[in-house]
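Since the structure comes first, as structure tokens, the remarks are kept for the end.
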Amino acid sequence: MSHVLLITSSPRGADSLSSRFATEIAEGIKTNSSGTLTVRDLLADPLPHITSAYIQGRVTAPENRTPDQVAAVQLAQELVDELKAADVVVIGSGMINFGPSSQLKAWFDHVTWPSVTFGYGDKGPKGLLTGKKVYLVVAAGGVFSEGVWAPFDFQSNYLLHLLSFIGLTDVEMVRVEGTVFGPDAAKAAIANTEASVQALLTKVA
Ligand SMILES: Cc1cc2nc3c(=O)[nH]c(=O)nc-3n(C[C@H](O)[C@H](O)[C@H](O)COP(=O)(O)O)c2cc1C
21 MSHVLLITSS
31 PRGADSLSSR
41 FATEIAEGIK
51 TNSSGTLTVR
61 DLLADPLPHI
71 TSAYIQGRVT
81 APENRTPDQV
91 AAVQLAQELV
101 DELKAADVVV
111 IGSGMINFGP
121 SSQLKAWFDH
131 VTWPSVTFGY
141 GDKGPKGLLT
151 GKKVYLVVAA
161 GGVFSEGVWA
171 PFDFQSNYLL
181 HLLSFIGLTD
191 VEMVRVEGTV
201 FGPDAAKAAI
211 ANTEASVQAL
221 LTKVA
């Protein structure tokens, strides 16, 4: 029985392929494992950018925080608690200007928290979240898994780096890419991802 956290983040709403496939994976794992699901929809419920209230608040003793700092730290704590509670995390990310959306960036800015989700050990930084499986669905109009655009895949490189920085190293990535090259290419790309998702779900109990 797995507790699944689904995070969707594309600004394209109902048209989003990353949200569609991430939702399919999260619901499939929930069903297969007779588990539970928490949904964090960053488009419907956007996070603020981090501010000085959060940055100062998290290094200020709780009893000395201003009301703004209390609210900012409380929000970040809620996001971290949600993440800690999950056995499986499914993230949907659509490429926006070669990186992840600002919605998803804001989530990482809240949960990448010194001494809470990462620390520094003898050998440098150490992620403090462990033992979770992550499924990362990345969508892009172009093709970034190979070819001339691969060096510009700042989306998945950023996401994989940040996940591993906070300790989430067991990541399986699903791509839906090459959807801007006309309707036939888009159809083929979507069918390809659908097949990958189905194959993935047959492996996940
Ligand atoms: C504002 C905007 C910026 C985009 N920037 C890029 C880009 O830099 N590179 C790319 O290959 N596709 C880009 N796209 C296409 C999206 O990555 C593509 O539609 C993808 O499917 C988005 O993910 P989603 O389906 O989950 O919304 C962009 C789309 C939008 C709306």
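Per my numbering, the sequence shown starts with residue 21, numbered consecutively.
For each residue, glycine too, the CB sits at the ideal point set by N, CA and C.
Owing to the predicted nature of the structure, the values given are computational and were not obtained by experimental measurement.
- Residue environment analysis places Asp173 among the buried positions, since at least 16 neighbouring C-beta atoms fall within 10 angstroms of its C-beta.
- Note that the C-beta distance between Ala126 and His181 is not below 7 Å.
- In the three-state reduction of the DSSP assignment, Val168 falls in the coil class.
- When secondary structure is reduced to three states using DSSP, Leu103 falls in the helix class.
- Checking the 6 Å criterion, the Cβ of Leu26 is out of range of every heavy atom belonging to ligand 1.
- When the beta-carbon positions are compared, Ala91 and His130 stay at least 7 Å from each other.
- The alpha-carbon separation between Tyr155 and Arg85 amounts to approximately 36 Å.
- Residue pairing for Ala160: DSSP places it in a beta bridge opposite Glu197.
- Between Thr28 and Ala42, the CB-CB gap stays under 7 Å.
- Judged by DSSP secondary structure, Arg60 falls within the beta strand (DSSP E) whose first and last residues are 56 to 61.
- For Gly48, the enclosing alpha helix (DSSP H) starts and ends at 37 to 52.
- If you draw a straight line from the Cα of Ala206 to the Cα of Pro82, it is about 51 Å long.
- Exclusion of Gly187 from the 6 Å shell around ligand 1 follows from its C-beta lying no nearer than that to any non-hydrogen atom of the ligand.
- Cβ atoms of Ser39 and Ser30 come within 8 Å of each other, at about 5 Å.
- Scanning the region 62 to 148 for uninterrupted alpha helix (DSSP H) segments of 4 residues or longer gives 72 to 77, 87 to 105, 122 to 131, listed from N- to C-terminal end.
- In the three-state reduction of the DSSP assignment, Thr28 falls in the strand class.
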